[in-house]
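Enquirer: My questions will all concern the structure given below.
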Amino acid sequence: MSDPRTDLDRRLGAYAAEVVRWNRQINLVSRQDSARRVDELVSQCRIAGAVLGDEILGDWDTVEPTAYFDLGSGGGLPGIVWHLLFGERFPALCTTLVEPREKRAWFLERQADLAPGRPLAVHCGRWGEGSGPAVGTPAPGQILISLKALHLPDPVVLQGLEPAPGSAALAAGARIVIARFYPPEQTWTDVLAGDLGAVGSRHETDDYIYRAVERRVVGPGAGGTASLVISSYEAALKRP
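For the numbering used here, add 149 to where a residue sits in the sequence shown, where the first one is 1.
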């Protein structure tokens, strides 16, 4: 049996090489010392993902159908890294990377072979334009949504989870974690807290009521690690 850590290292290395390879044509990251910058970003995403998994998702059921959405995915940081990382923890993980720019979406689609057997979809469009949980897939009871450079308030993020007509997109009592990823060079300020739902507040969409159950900032830690701004919700289906 292969070592999962060795497999993850190999897959992340292959992904980093792909970013460097295509960066000149597609402009995925800074073109100044691209290889070093990509290694830094992958490391930041990996460390932040490990913290997220331990401190926020530690009590999630590892066999529950779990959906992961990365909004404004760009070159896949943190989306691809977290897809590979959390695929080790949640075997029933289904990942969707949401990216409106065609060239970047094409690049992301190429990365599906990094982890064969782990569903990875790319939605070339904007969040809420048919990008939520797919019709016919198991209703996810656990949903992780990440944002990096995309500034969307929580109500807009939650609205994007609305099911397609005729589909039951969320399991009853589904748990949703919205994780805003802030690299060390970006600063979280209290002014941006208005984008998050206050604990105990409710947001209603056509089909669901979302209740905010947690809001917290994780990090930054030592050594220039990233920060995570977390807002967590529980979903309840509206009664007809």
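We treat Cβ as the ideally placed atom computed from N, Cα and C, and that holds for glycine.
Between which two residues does the alpha helix (DSSP H) holding Ala254 run?
Expert: Position 105 of the sequence shown, counted from the first residue, corresponds to residue 254. Here the alpha helix (DSSP H) through Ala254 covers Glu251 to Arg259.
Enquirer: In whole angstroms, what separates the C-alpha of Gly162 from that of Leu386?
Expert: For the purposes of this step, residue 162 is identified with residue 13 of the sequence shown, where counting begins at 1. For the purposes of this step, residue 386 is identified with residue 237 of the sequence shown, where counting begins at 1. Approximately 42 angstroms between the Cα atoms of the pair.
Enquirer: Leaving out the 5 sequence neighbours to the left and right, which residues in its chain are closer than 7 angstroms to Met150 when beta-carbon positions are compared?
Expert: As a working note, residue 150 is residue 1 in the sequence shown. In this prediction, Met150 scores a pLDDT of 48, lower than 50, which makes its location untrustworthy; the coordinate-derived value is nonetheless stated afterwards. Here the set comprises nothing.
Enquirer: Ordered along the chain, which non-local residues of its own chain (more than five positions away) have a Cβ less than 8 angstroms from that of Ala434?
Expert: Given a span of 150 to 389 for the chain in the structure shown, any question on residue 434 remains unanswerable.
Enquirer: Measuring straight from C-alpha to C-alpha, what distance separates Leu307 and Val191?
Expert: Taking the sequence shown and counting its residues from 1, the one referred to as residue 307 is at position 158. Taking the sequence shown and counting its residues from 1, the one referred to as residue 191 is at position 42. Roughly 27 angstroms between the two C-alpha positions.
Enquirer: Once DSSP output is grouped into helix, strand and coil, what is the label at Val284?
Expert: As a working note, residue 284 is residue 135 in the sequence shown. Reliability fails at Val284, whose pLDDT of 48 lies under 50, so the model's placement of it is uncertain and the value that follows must be treated cautiously. Looking at Val284 - three-state DSSP - the assignment turns out to be coil, as it is neither helix nor strand.
Enquirer: Return no unless some Cβ of chain C is closer than 9 angstroms to the Cβ of Pro240.
Expert: No chain C is part of this structure, which consists of one protein chain only.
Enquirer: Report the start-end ranges of each alpha helix (DSSP H) in the segment 156 to 226 that is 4 residues or longer and not cut off at the edges.
Expert: 183 to 204
Enquirer: Between Asn172 and Gly349, what straight-line distance do the alpha-carbon atoms span, to the nearest angstrom?
Expert: By 1-based counting over the sequence shown, the position of residue 172 is 23. By 1-based counting over the sequence shown, the position of residue 349 is 200. Their Cα atoms are separated by approximately 43 angstroms.
Enquirer: How long is the line joining the alpha carbons of Ala216 and Asp182, rounded to whole angstroms?
Expert: For the purposes of this step, residue 216 is taken as the residue at position 67 of the sequence shown. For the purposes of this step, residue 182 is taken as the residue at position 33 of the sequence shown. Looking at the two C-alpha atoms, the distance is approximately 34 angstroms.
Enquirer: Whole angstroms is fine: what's the gap from Gly198's alpha carbon to His300's?
Expert: Position 49 of the sequence shown, counted from the start, is the residue given in the question as residue 198. Position 151 of the sequence shown, counted from the start, is the residue given in the question as residue 300. Distance between the alpha carbons of Gly198 and His300 is about 20 angstroms.
Enquirer: Beta-carbon within less than 8 angstroms of Asp158's beta-carbon, same chain only, minus the 5 sequence neighbours each way: which residues are those?
Expert: By one-based count along the sequence shown, residue 158 stands at place 9. Closer than 8 angstroms at Cβ, skipping near neighbours: no residue.
Enquirer: At what residues does the alpha helix (DSSP H) containing Val306 begin and finish?
Expert: By 1-based counting over the sequence shown, the position of residue 306 is 157. Start and end: Asp303 to Gln308.
Enquirer: Work out the CA separation of His272 and Thr354 for me, nearest whole Å.
Expert: Working through the sequence shown from its first residue, we reach residue 354 at position 205. Working through the sequence shown from its first residue, we reach residue 272 at position 123. Roughly 22 angstroms separates the two Cα atoms.
Enquirer: Could you tell me the distance, in whole angstroms, from the CA atom of Phe239 to the CA atom of Leu293?
Expert: Here residue 239 corresponds to residue number 90 of the sequence shown, with the count starting at 1. Here residue 293 corresponds to residue number 144 of the sequence shown, with the count starting at 1. Looking at the backbone, the Cα of Phe239 and that of Leu293 are separated by about 12 angstroms.
Enquirer: Within the continuous alpha helix (DSSP H) that includes Arg238, where are the two ends?
Expert: As a working note, residue 238 is residue 89 in the sequence shown. In the DSSP assignment, Arg238 falls within the unbroken alpha helix (DSSP H) covering Gly228 to Arg238.
Enquirer: Taking the alpha carbon of Arg160 as the reference point, which residue from Cys194, Ala323, Ile229 and Arg253 has its own alpha carbon closest?
Expert: Taking the sequence shown and counting its residues from 1, the one referred to as residue 160 is at position 11. Here the closest residue by C-alpha is Ile229.
Enquirer: Quick check on Arg360: does DSSP put it in helix, strand or coil?
Expert: By one-based count along the sequence shown, residue 360 stands at place 211. Under the three-state reduction of DSSP, Arg360 is assigned to strand.
Enquirer: Between Gly322, Ala241 and Gly368, which lies nearest to Val362 when the distance is taken from Cα to Cα?
Expert: The residue given as residue 362 occupies position 213 in the sequence shown. It is Gly322 whose Cα lies nearest to the Cα of Val362.
Enquirer: Please classify Leu263: does DSSP put it in a helix, a strand, or coil?
Expert: Sequence index remark: in the sequence shown, residue 263 carries index 114 (1-based). Three-state DSSP puts Leu263 in a helix.
Enquirer: Quick check on Arg351: buried or exposed, where buried means 16 or more other Cβ atoms within 10 Å of its Cβ?
Expert: Counting from 1 along the sequence shown, the entry for residue 351 is found at position 202. By the 10 Å Cβ count, Arg351 comes out exposed.
Enquirer: Cα-Cα, which of Asp356, Ile325 and Glu383 is closest to Ser295?
Expert: Position 146 of the sequence shown, counted from the first residue, corresponds to residue 295. Out of Asp356, Ile325 and Glu383, Ile325 has the C-alpha closest to the C-alpha of Ser295.
Enquirer: Identify which residue in Asn176, Leu377, Trp209 and Arg259 has its Cα closest to the Cα of Phe330.
Expert: On the sequence shown, residue 330 is found 181 positions in, with the first residue counted as 1. It is Leu377.
Enquirer: Assign Val168 to buried or exposed, taking buried as 16 or more other Cβ atoms, counted over all protein chains shown, within 10 Å of its Cβ.
Expert: Counted from its first residue, the sequence shown places residue 168 at position 19. By the neighbour-count rule (16 or more Cβ atoms within 10 Å), Val168 is buried.
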